[in-house]
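Input: a single structure, listed below in structure tokens.
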Amino acid sequence: MEKYSLVRTIGEGSFGRALLVRCKNSEQNYVLKEIQLPKNLSKSENTRREAVLLSKMSHANIVAFRESFEDGSLLCIVMEYCSGGDLLQRIQRQKNAQFTVDDILRWFRVLHRDLKSKNIFLTENGTIKLGDFGSACVLNSPKAFAQTYVGTPYYVAPEIWDNQPYNNKSDVWSLGCVLYELCTLRHPFQASSWKSLILKVCRGAYPPLPRHLPYEVHYLLKHMFKTNPKDRPSLQTILTSHRVSKLLRSHLPPEVRGSTAVWE
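Numbers 1 to 264, taken from full-length UniProt numbering, label the letters of the sequence shown in order.
Below you can see the structure in the form of structure tokens.
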């Protein structure tokens, strides 16, 4: 911590604390995530996994990793600071003013396992960046499966509620939930009880999108919300689909148009 001075606490949770810090040499702001290392050795190694995963990522739309170090029983991960806050805050500020199609998400080949608007951040100029990879894992092949579920109820795919293993098709569902939020400023699946929520998700029953949105957005969401993951398109299929590729690519930055890879 000798390199940084504390500006303020951004958030606290079961994981530890997120601090806004300033580098003493460069005067640049960063987010320092303090994570309490478990006493159990194997659990400690799992916690360190996040820093290893983050250090391997390099992409214009992923929150940049700076460094990691241990301070006593704390694992400290220093990341880029996105001064625009997270997408959930932006959605809440919109109130009744709908977003434009320009706000469609950028696409990644990473199994994040906790995709939600709160984990998508905005820079000062409005660039979208994916962050908070504590639950992420790398897929070594397109059909690789992660067996352990971590996630947020409103964004959970039907196969997870059905105790099935999942791969990146589950993230397509979660991205569909975020896309729906951007289009309507509300969750696609809402209920007064867990049982009702699960039933709605498993049936794929969501209120229709506003009519002013392009047909391609309606078409895209309909397929992202296919309840059977085998019928759900992959991100690569979405990007190359004749119906939606022209619409999506017109809103993607140049570095994403040519490649969907995020690994160095």
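C-beta atoms are modelled at their ideal positions from N, C-alpha and C, and glycine is treated no differently.
query                                                                                                                                                      : result
Could you round the C-beta distance between G84 and L122 to whole angstroms and report it? I think they count as a contact, below 8 Å.                     : 3 Å
Just mark P210 as buried or exposed, buried being the case when its beta carbon has 16 or more other beta carbons within 10 Å.                             : exposed
Quick one: what's E80 bridged to in DSSP?                                                                                                                  : Y30
Using the Cβ count rule (16 or more neighbours within 10 Å means buried), how would you classify W194?                                                     : exposed
Starting from I120, trace the beta strand (DSSP E) both ways and give me its first and last residue.                                                       : 120 to 122
Evaluate contact between the stretch 64 to 75 and the stretch 35 to 42, counting only Cβ atoms and requiring at least three cross-stretch pairs below 8 Å. : yes
Would you report the Cα separation of V217 and E50, rounded to the nearest angstrom?                                                                       : 34 Å
Taking the alpha-carbon positions, what's the P233 to V7 distance?                                                                                         : 44 Å
Measuring straight from C-alpha to C-alpha, what distance separates L87 and S174?                                                                          : 14 Å
Going by beta carbon distance, what residues of the same chain come within less than 7 Å of F65, once the five residues before and after it are set aside? : L54, S55, M57, M79
Looking only at C-alpha atoms, which of E124, T184, Q190, G16 sits nearest to H212?                                                                        : T184
Apply the 10 Å Cβ neighbour rule to Y215 and answer buried if 16 or more other Cβ atoms are within range, or exposed otherwise.                            : exposed
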